[in-house]
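Colleague: For the sequence shown, our numbering gives the first residue as 1061, with consecutive numbering after it.
We put the beta carbon where it would ideally sit given N, CA and C, even for glycine.
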Amino acid sequence: MKRSLHEIGNHAFEQLIGRLCVHLLGAGTKVFSSGPDGGIDASFEGQAEAWPSSTAQWAGRWIVQAKHTENPAAAVSDSTFSSDGASSVISEEIAKLTANGGPRCDHYLLYTNRRGTPQAIASIEERLKADLGVQNAQVVTAPMLDGLLSKYPAALVQPLAEAFAMPLTLDVDTVAAALEVLIGELGSRSTSRAKASKIQRTSLATKNALNAVGSELDHVYNAALHEDLGVMERFLAAPDRHTDGLRDAYLSFCDSAKDQLVLARTQSVPLAGFLVQLIRRVCENHEFLSTGQGPRAVRAMVYYMYWICDLGTHADSDET
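1) Looking at the secondary structure, which residues open and close the alpha helix (DSSP H) in which residue 1303 lies?
2) Please go through the same chain and pick out, in chain order, the residues whose beta-carbon is closer than 8 Å to the beta-carbon of residue 1088, but skip the five residues on each side of it.
3) Which residue from 1330, 1135, 1287 puts its Cα closest to that of residue 1372?
4) Mind checking which residues open and close the beta strand (DSSP E) that includes residue 1140?
5) Which complete alpha helix (DSSP H) runs does the region 1067–1129 hold, if anything under 4 residues is left out?
6) Could you tell me the distance, in whole angstroms, from the CA atom of residue 1060 to the CA atom of residue 1295?
7) Assuming contact is defined by CB atoms lying nearer than 8 Å, are residue 1157 and residue 1124 in contact in what I supplied?
8) Taking 8 Å as the threshold (C-beta atoms), are residue 1130 and residue 1101 in contact?
9) For residue 1191, which residues of its own chain have a beta-carbon under 6 Å away from its beta-carbon, when the five flanking residues on both sides are left out?
10) In or out: residue 1337 buried (at least 16 other Cβ within 10 Å) or exposed?
11) Between 1081, 1132, 1111, 1144, which lies nearest to residue 1068 when the distance is taken from Cα to Cα?
12) Under the rule that 16 or more other beta-carbon atoms within 10 Å means buried, what is residue 1359, buried or exposed?
13) Could you pull out every residue in the same chain whose Cβ sits closer than 7 Å to the Cβ of residue 1197, ignoring the five residues on either side in sequence?
14) Name, in chain order, the residues that DSSP records as bridge partners for residue 1169.
15) Considering only the beta carbon of each residue, do residue 1335 and residue 1362 sit closer than 8 Å?
16) For residue 1175, which beta-bridge partners are listed by DSSP?
17) Here's the rule: buried if 16 or more other CB atoms are within 10 angstroms of the residue's CB, otherwise exposed. What is residue 1428?
18) With 8 Å set as the bound, which would you pick, yes or no: does the beta-carbon of residue 1293 sit closer than that to a beta-carbon of chain C?
19) My output table needs one value for residue 1259: the three-state DSSP class, helix, strand or coil.
20) On the CB-based measure, 16 or more other CB atoms within 10 Å of its CB, does residue 1250 come out buried or exposed?
21) Write down every uninterrupted run of the alpha helix (DSSP H) in the region 1313–1365 whose length is 4 residues or greater and which is fully enclosed by it, in chain order.
22) What did DSSP end up calling residue 1372 once you bin it into helix, strand or coil?
23) Measuring only the C-alpha atoms, how far is residue 1194 from residue 1203?
24) Going straight from the alpha carbon of residue 1072 to that of residue 1243, what length do you get?
25) Can the beta-carbon of residue 1140 be found less than 8 Å from the beta-carbon of residue 1174?
26) Would you tell me roughly how many angstroms separate the C-alpha atoms of residue 1083 and residue 1209, rounded to the nearest one?
27) So, are the CB atoms of residue 1348 and residue 1236 less than 8 Å apart?
28) Quick one: what's got a C-beta closer than 8 Å to residue 1246's C-beta in the same chain, skipping five residues either side?
29) Quick check: the Cα distance between residue 1109 and residue 1079, rounded to an integer number of angstroms?
30) Kindly list the residues whose CB is nearer than 7 Å to the CB of residue 1307, restricted to its own chain and excluding five residues on each side of it in sequence; keep chain order.
31) Buried or exposed, going by whether 16 or more other CB atoms sit within 10 Å of the CB of residue 1142?
32) Compare the Cα-Cα distances from residue 1134 to each of 1150, 1165, 1160, 1066 and report the closest residue.
33) Counting only the same chain and skipping the five closest in sequence on each side, list residues whose C-beta sits under 7 Å from that of residue 1118.
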């Protein structure tokens, strides 16, 4: 189901506009990270590929700004957005762009998921053109933006690395003690291709289908992890794991990972990619787990969480 532009969040909206500008302006579009950028989310220099059309392209220096709102009823005519007051969105952007002697560009594009009448849009464009001293200023609102995304659907495909640019908060310390003991259980032996587990849950093939996970993840299980997953299963099932609190630490980490998976899915991150990134983030955030047998233990734990249905959709539930 197509998600509304009001649901994707400010960072994702900015990155979406950046990808769209690659198609409209050209591959030389520079997309900037969120932050104190002086009012610039993307820039371009040269002749546009398809702006304002593929037959009448503007050329020169470009500044692109994206302004997102979560309010589906918001309009560009709202006083908080376009009034002459110093605190309005437009006034603040003009102030930022002209703070150091002008925007130093020929064309200014402002993309927003707000709506607006032709008269309101034209009024803002005239103000921007006059105050910024640019040749052209154009405001692209929600209806036009929807049309552009229909014409360039590739802009909707978000790279995995970009989706994981969002903050990822994990309570690694809660599970580090459990993983330290697990490393001893795994030992220094090489993994084998033997299938050790007797877990009776949703079959791996069914679970992969439910989570849109391709055959590459199944290959990882068959080639390397089955024996380690069996060790992980026996480790957590041991009576000592309840008394020493290590199973509780594992479950607490599961809850943390579930929260992160919900965020990742709002950014359309595939689950297989999420698992790989989760392993990397855990190792990066704890010195002990980043060396020796640490990455192997983290990998066994994360894939076990998915395999045993503590993480991801399974046949008995829609929970993640």
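Modeller: This is what the structure holds:
1) Taken as a continuous stretch (DSSP letters only), the alpha helix (DSSP H) holding residue 1303 covers 1300–1303.
2) Leaving aside the five residues that flank residue 1088 on each side, the residues in its chain whose CB is nearer than 8 Å to its CB run, in chain order, 1104, 1105, 1106.
3) Cα-wise, what sits closest to residue 1372 is 1330.
4) Not the beta strand (DSSP E): residue 1140 falls in the alpha helix (DSSP H), residues 1139–1142.
5) As summarised for the region 1067–1129, the continuous alpha helix (DSSP H) elements at least 4 residues long and confined to that stretch are 1070–1084, given in chain order.
6) Residue 1060 is absent from the model: the chain starts at 1061 and stops at 1380.
7) Judged by beta-carbon spacing, residue 1124 lies beyond the 8 Å limit of residue 1157, meaning their Cβ atoms are not closer than that value.
8) Cβ distance not < 8 Å, so residue 1101 and residue 1130 don't count as in contact.
9) If you ignore the 5 residues before and after residue 1191, its C-beta comes within less than 6 Å of the C-beta of 1154, all in its own chain and listed in chain order.
10) Buried, because 16 or more other Cβ atoms sit within 10 Å of the Cβ of residue 1337.
11) For the residues 1081, 1132, 1111, 1144, the minimum Cα distance to residue 1068 belongs to 1132.
12) That one is buried.
13) Same-chain partners within the cutoff: 1168, 1185, 1188, 1189.
14) Residue 1169 is bridged to 1124, 1198.
15) A distance below 8 Å separates the beta carbons of residue 1335 and residue 1362.
16) Bridge pairing for residue 1175: 1135 [DSSP].
17) The structure shown does not extend to residue 1428, since the chain spans only 1061 to 1380, so no value can be given for it.
18) Chain labels in this structure do not include chain C; a single protein chain is all it has.
19) Below a pLDDT of 50, predicted positions are generally treated as unreliable, and residue 1259, at 44, falls in that range; no measurement from the model is reported.
20) Note that residue 1250 scores a pLDDT of 44, beneath 50, so its modelled location is shaky; the value from the coordinates is reported in the next line. By the 10 Å Cβ count, residue 1250 comes out exposed.
21) For the region 1313–1365, whole alpha helix (DSSP H) runs of length 4 or above, ordered along the chain, are 1331–1344.
22) It is coil, neither helix nor strand.
23) Residue 1194 and residue 1203: Cα-Cα distance of roughly 25 Å.
24) Those two C-alpha atoms are separated by around 38 Å.
25) Between residue 1140 and residue 1174, the C-beta gap is not smaller than 8 Å, which leaves the two residues out of contact.
26) In a straight line, the C-alpha of residue 1083 is about 10 Å away from that of residue 1209.
27) Yes; because the gap between Cβ atoms is below 8 Å, this pair is in contact.
28) Cβ within range, chain order: 1288, 1291, 1353, 1356, 1357, 1360.
29) Distance between the alpha carbons of residue 1109 and residue 1079 is about 14 Å.
30) Excluding residues within five positions, the ones whose Cβ falls inside 7 Å are 1296, 1301.
31) Residue 1142 should be labelled buried.
32) Answer by Cα proximity: 1066.
33) If we look at residue 1118 and ignore the five residues flanking it on each side, its Cβ neighbours are 1108, 1111, 1112, 1167, 1196.
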